[in-house]
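Protein chains: 2
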Amino acid sequence: MGERNIVSFKESAEEMLASQDYEALRELLEELHPYEVATLLEELEEPEQLIILELMSTDMAAETLEHLEYEDQYRLLDHLEDTVARKIIAAMPSDVIADLVMAIHPHQAQKILGMVPEEYLQKIEYLMTYPEDSAGGIMSLEYIAVRERWTVERVIEHFRKVGRKESIASYIYVVDNIGQLVGVVSLKELLLSHPKTPISEIMHTNVVAIPVDADQEEAAKLMSQYDLLVLPVVDSRGRLVGVITADDIMDVIEEESTEDIHKLGGSKPLDLPYMHSSLITLFSKRINWLIFLFAVQAVTSNILKHFQSVLSSVVALSFFIPLFTDTGGNSGTQASSLIIRSLALGEVTTKDATRILIKELQVSAMLGATMGIVGYFFAWAVAGSVEIAIAVAITLFVVLVVSSTIGAMLPIIGSKLGIDPAVFSAPLITTVVDIVALTLYFNIATLILGIK
Amino acid sequence: MGERNIVSFKESAEEMLASQDYEALRELLEELHPYEVATLLEELEEPEQLIILELMSTDMAAETLEHLEYEDQYRLLDHLEDTVARKIIAAMPSDVIADLVMAIHPHQAQKILGMVPEEYLQKIEYLMTYPEDSAGGIMSLEYIAVRERWTVERVIEHFRKVGRKESIASYIYVVDNIGQLVGVVSLKELLLSHPKTPISEIMHTNVVAIPVDADQEEAAKLMSQYDLLVLPVVDSRGRLVGVITADDIMDVIEEESTEDIHKLGGSKPLDLPYMHSSLITLFSKRINWLIFLFAVQAVTSNILKHFQSVLSSVVALSFFIPLFTDTGGNSGTQASSLIIRSLALGEVTTKDATRILIKELQVSAMLGATMGIVGYFFAWAVAGSVEIAIAVAITLFVVLVVSSTIGAMLPIIGSKLGIDPAVFSAPLITTVVDIVALTLYFNIATLILGIK
Numbered sequence: 001m002g003e004r005n006i007v008s009f010k011e012s013a014e015e016m017l018a019s020q021d022y023e024a025l026r027e028l029l030e031e032l033h034p035y036e037v038a039t040l041l042e043e044l045e046e047p048e049q050l051i052i053l054e055l056m057s058t059d060m061a062a063e064t065l066e067h068l069e070y071e072d073q074y075r076l077l078d079h080l081e082d083t084v085a086r087k088i089i090a091a092m093p094s095d096v097i098a099d100l101v102m103a104i105h106p107h108q109a110q111k112i113l114g115m116v117p118e119e120y121l122q123k124i125e126y127l128m129t130y131p132e133d134s135a136g137g138i139m140s141l142e143y144i145a146v147r148e149r150w151t152v153e154r155v156i157e158h159f160r161k162v163g164r165k166e167s168i169a170s171y172i173y174v175v176d177n178i179g180q181l182v183g184v185v186s187l188k189e190l191l192l193s194h195p196k197t198p199i200s201e202i203m204h205t206n207v208v209a210i211p212v213d214a215d216q217e218e219a220a221k222l223m224s225q226y227d228l229l230v231l232p233v234v235d236s237r238g239r240l241v242g243v244i245t246a247d248d249i250m251d252v253i254e255e256e257s258t259e260d261i262h263k264l265g266g267s268k269p270l271d272l273p274y275m276h277s278s279l280i281t282l283f284s285k286r287i288n289w290l291i292f293l294f295a296v297q298a299v300t301s302n303i304l305k306h307f308q309s310v311l312s313s314v315v316a317l318s319f320f321i322p323l324f325t326d327t328g329g330n331s332g333t334q335a336s337s338l339i340i341r342s343l344a345l346g347e348v349t350t351k352d353a354t355r356i357l358i359k360e361l362q363v364s365a366m367l368g369a370t371m372g373i374v375g376y377f378f379a380w381a382v383a384g385s386v387e388i389a390i391a392v393a394i395t396l397f398v399v400l401v402v403s404s405t406i407g408a409m410l411p412i413i414g415s416k417l418g419i420d421p422a423v424f425s426a427p428l429i430t431t432v433v434d435i436v437a438l439t440l441y442f443n444i445a446t447l448i449l450g451i452k
Numbered sequence: 453m454g455e456r457n458i459v460s461f462k463e464s465a466e467e468m469l470a471s472q473d474y475e476a477l478r479e480l481l482e483e484l485h486p487y488e489v490a491t492l493l494e495e496l497e498e499p500e501q502l503i504i505l506e507l508m509s510t511d512m513a514a515e516t517l518e519h520l521e522y523e524d525q526y527r528l529l530d531h532l533e534d535t536v537a538r539k540i541i542a543a544m545p546s547d548v549i550a551d552l553v554m555a556i557h558p559h560q561a562q563k564i565l566g567m568v569p570e571e572y573l574q575k576i577e578y579l580m581t582y583p584e585d586s587a588g589g590i591m592s593l594e595y596i597a598v599r600e601r602w603t604v605e606r607v608i609e610h611f612r613k614v615g616r617k618e619s620i621a622s623y624i625y626v627v628d629n630i631g632q633l634v635g636v637v638s639l640k641e642l643l644l645s646h647p648k649t650p651i652s653e654i655m656h657t658n659v660v661a662i663p664v665d666a667d668q669e670e671a672a673k674l675m676s677q678y679d680l681l682v683l684p685v686v687d688s689r690g691r692l693v694g695v696i697t698a699d700d701i702m703d704v705i706e707e708e709s710t711e712d713i714h715k716l717g718g719s720k721p722l723d724l725p726y727m728h729s730s731l732i733t734l735f736s737k738r739i740n741w742l743i744f745l746f747a748v749q750a751v752t753s754n755i756l757k758h759f760q761s762v763l764s765s766v767v768a769l770s771f772f773i774p775l776f777t778d779t780g781g782n783s784g785t786q787a788s789s790l791i792i793r794s795l796a797l798g799e800v801t802t803k804d805a806t807r808i809l810i811k812e813l814q815v816s817a818m819l820g821a822t823m824g825i826v827g828y829f830f831a832w833a834v835a836g837s838v839e840i841a842i843a844v845a846i847t848l849f850v851v852l853v854v855s856s857t858i859g860a861m862l863p864i865i866g867s868k869l870g871i872d873p874a875v876f877s878a879p880l881i882t883t884v885v886d887i888v889a890l891t892l893y894f895n896i897a898t899l900i901l902g903i904k
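Respectively, the protein sequence lines represent chains A and B.
Residue numbers for the first sequence follow the working numbering, beginning at 1 and rising by one.
Residue numbers for the second sequence follow the working numbering, beginning at 453 and rising by one.
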């Protein structure tokens with residue numbers, strides 16, 4: 001089979017649309033995966049998009065819509081023939097409809113909810129009560145739950161009755177008479193057991209579950225640590241209320257990493273991909289941070305002004321200003337990105353603060369000593385003065401130690417105070433380190449050069 | 453059920469170990485998940501670790517080992533009684549053994565391979581032929597394959613015979629007579645179908661598969677785009693050779709994001725978590741980059757030296773040096789982190805270069821105009837000179853435009869040349885921008901202030 005060639009599917013589909021060969025197109029669509037149809041739809045105009053959705057089976061059309069942006073999902077459902085749209089909506093999982101309804105304008109949401117089958121409405125309204133980044137916000141209601149005293153035979157019979165509608169059905173959950181989750185059985189174990197065995201004998205009771213109001217990041221951490229493909233969600237009384245599947249969690253992990261990378265780069269996280277973000281969005285996500293940092297960095301100008309007389313008497317001192325601020329920023333960024341990532345992955349916690357501080361002091365002393373030696377020879381070559389070279393070397397040593405320590409500790413302090421550690425990004429740390437470095441440098445230089 | 457309290461399990465286990473109440477400990481262990489036992493083992497000394505592994509069922513012990521570092525896996529298997537170790541190894545999936553054998557010293561690997569059951573050796577040696585970051589390197593051989601002409605009944609019979617040993621069994625793959633992957637059926641569909649139906653009638657033929665030599669990042673992308681829980685792996689002739697599961701892919705996604713974040717922070721990616729990395733590792737992953745950047749940044753010293761006479765006649769010009777270098781670095785970092793992440797997620801490709809360039813020019817002109825106005829008033833307040841204020845404002849505008857453009861384009865150019873875009877990290881972009889900013893500033897200042 002090898003890799004599927006999406007480009008060639010698209011070309012064939014476009015030819016069939018042009019020649020109105022809808023029978024061939026229907027056959028082609030049957031061979032495609034919903035994700036592939038979605039990427040095809042993204043390149044077509046609305047009339048063709050509607051033709052394709054109508055040619056597909058209702059289930060396939062429903063799955064295809066899931067892969068589109070919310071505004072496109074709404075637009076297509078709104079413009080499809082009413083009966084077709086209603087059928088597709090009835091085939092969409094309740095959590096997908098809930099996400100769509102919460103993402104679009106309330107007026108549009110009313111239209112969609114008006115096409116939802118009566119018996120689904122309650123489920124959707126229930127899902128809509130949870131924030132989109134909580135376990136409840138990403139869970140699905142399509143699980144199968146059985147009672148612990150049922151036999152394997154009865155469970156299989158129940159499964160045959162309800163399983164067709166529930167797309168997530170590799171595991172069957174066992175609940176007691178008040179709905180509390182007490183066990184889990186895989187379909188495989190069911191198939192391998194004797195029909196008369198009570199389910200309580202074969203179920204696993206060490207079920208890992210997550211509270212419905214927990215953060216989605218917590219769900220991602222649990223699933224990745226415990227190597228789970230499906231994670232059950234329970235309410236405050238331990239009752240099973242939904243399940244989270246690994247494919248949704250992959251999106252969460254990517255989303256959270258993207259947010260961290262954007263923050264580390266010093267802009268607010270974008271809600272939409274870069275190419276879909278408007279100029280004004282890109283501008284506003286970036287300008288606040290630039291102005292804020294400028295205001296903080298303005299302190300450096302005042303420090304330089306303060307040492308004006310030193311600067312005028314030995315202009316050569318100014319040659320090394322960018323080196324200190326840059327090197328300090330670099331080593332601070334290195335340390336902070338290592339610690340921020342370790343915090344995000346749960347490898348270190350705020351309790352490790354002292355151990356990290358000791359480790360960073362040692363590493364940064366090694367880095368500082370090396371850079372101090374490099375800096376000494378460089379400064380001596382450029383400025384031709386041993387005094388300046390000594391001032392540069394000492395400053396570099398201290399800058400390395402201070403910046404690494406600040407870089408490592410700021411995220412931990414932030415995390416302790418409940419501030420997202422990723423806010424302590426390269427730009428912020430650079431700024432803090434600049435102020436420390438310049439003050440230090442001019443004081444050392446004044447001392448060594450004996451300038452008043 | 454709620455969240456499982458790992459801390460309280462650990463305390464109970466330690467008490468039972470101290471009082472040698474092994475019967476109670478065995479019962480407690482049965483209630484724990486292998487991941488939980490692994491975190492418990494990490495806090496114990498070797499004699500206790502061995503007691504716990506011996507108390508557990510062979511399957512549980514095998515699963516627990518998977519969650520430990522390779523060196524610990526080897527040490528425990530080596531120090532366990534030979535018959536116990538052999539049983540545990542026989543219960544470990546072949547891909548887990550292959551990963552272990554490849555991670556440890558060849559001499560140690562020989563010892564482990566000596567304990568592997570004869571019939572497993574070939575599988576393990578086959579897996580060892582693939583690089584660890586390829587699809588073949590992360591795939592498992594524990595899948596079930598059947599022939600397309602078999603009936604549902606026969607498939608279920610086959611499943612009952614071989615399914616017990618294969619831990620990954622939510623899907624059954626269908627192959628033709630030369631082993632080529634032609635379809636997939638879920639266990640659910642099998643259960644819901646009439647026993648006499650040929651498997652070819654219910655199987656899905658639009659199977660998404662990945663070539664065995666593809667990169668693991670490619671596998672992660674496919675599974676996340678297609679929302680797959682299991683991805684089959686095929687050789688160059690389309691024959692099914694393994695499967696990749698979503699829990700392994702979650703680790704890949706986290707690993708790749710961590711690597712990107714470390715590179716963006718300007719250090720080589722760490723192979724081990726921060727706390728497990730030695731001082732010398734942390735030093736050597738960071739020092740090369742610091743020295744390299746220092747060498748590049750040294751150019752700034754030469755630029756300042758070149759404009760020495762300008763600096764001595766108007767010392768106030770030096771007050772704003774850190775502002776330019778920092779602001780340029782900040783906006784360059786913003787732009788590059790947005791683009792690097794978009795490239796990593798596949799949201800933009802190198803083909804979008806022109807569109808991105810136009811977008812960045814527009815956004816950065818807006819950012820530059822805003823910062824130029826802010827900078828004008830600030831410089832006027834600090835230096836009290838309209839000429840200097842104008843030089844600062846113009847420089848800031850140009851710095852913003854140049855740094856955003858460089859920040860956005862460098863990762864794309866790198867990607868085109870086959871260089872990992874994450875190398876174009878904050879520190880590197882800052883350095884490039886510094887050089888541009890300082891040259892510009894002094895030329896503009898010389899022009900406006902009329903200094904010779």
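C-beta: ideal position from N, C-alpha, C; glycine also.
In the DSSP assignment, what residue or residues form a beta bridge with residue i?
i, result
"Gly635(B)", "Val626(B)"
"Leu231(A)", "Ile244(A)"
"Ala597(B)", "Tyr625(B)"
"Pro198(A)", "Thr151(A)"
"Pro211(A)", "Val234(A)"
"Arg691(B)", "Gln632(B)"
"Ser592(B)", "Val695(B)"
Taking the alpha-carbon positions, what's the residue i to residue j distance?
i, j, result
"Thr446(A)", "Val310(A)", "7 angstroms"
"Gln297(A)", "Asp434(A)", "8 angstroms"
"Met1(A)", "Ala805(B)", "With a pLDDT of only 39 at Met1(A), under 50, the local geometry of the prediction cannot be trusted, and the value read off the model is given with reservation. Cα to Cα, Met1(A) sits roughly 33 angstroms from Ala805(B)."
"Gly866(B)", "Asn288(A)", "29 angstroms"
"Ile104(A)", "Ala666(B)", "38 angstroms"
"Phe849(B)", "Ala817(B)", "7 angstroms"
"Arg527(B)", "Leu279(A)", "57 angstroms"
"Pro725(B)", "Val348(A)", "9 angstroms"
"Pro232(A)", "Pro558(B)", "42 angstroms"
"Asp247(A)", "Tyr678(B)", "9 angstroms"
"Thr697(B)", "Gly328(A)", "43 angstroms"
"Ser236(A)", "Val208(A)", "15 angstroms"
"Leu901(B)", "Ser764(B)", "13 angstroms"
Could you check if residue i is buried or exposed, using at least 16 other CB atoms within 10 Å of its CB as the buried criterion?
i, result
"Gly332(A)", "buried"
"Thr129(A)", "exposed"
"Ala295(A)", "exposed"
"Arg286(A)", "buried"
Can you tell me whether DSSP reads residue i as helix, strand or coil?
i, result
"Leu345(A)", "coil"
"Ile871(B)", "coil"
"Ser403(A)", "helix"
"His67(A)", "coil"
"Met453(B)", "Below a pLDDT of 50, predicted positions are generally treated as unreliable, and Met453(B), at 39, falls in that range; the measurement from the model is reported next regardless. Three-state DSSP puts Met453(B) in coil, outside helix and strand."
"Ser134(A)", "strand"
Among the options, which residue has its Cα nearest to the Cα of residue i?
i, options, result
"Asp712(B)", "Ala393(A), Gln334(A), Arg355(A)", "Gln334(A)"
"Ala91(A)", "Met102(A), Asp133(A), Met56(A)", "Met56(A)"
"Gly179(A)", "Ala135(A), Thr58(A), Arg239(A)", "Arg239(A)"
"Gln760(B)", "Glu46(A), Glu71(A), Ile303(A), Leu317(A)", "Leu317(A)"
"Ala135(A)", "Val241(A), Ser403(A), Lys161(A)", "Val241(A)"
Just to make sure I have the definition right: I need the residues of chain E whose C-beta is within less than 7 angstroms of the C-beta of residue i. Which are they?
i, result
"Lys757(B)", "Absent from the structure: chain E. Protein chains present are A and B."
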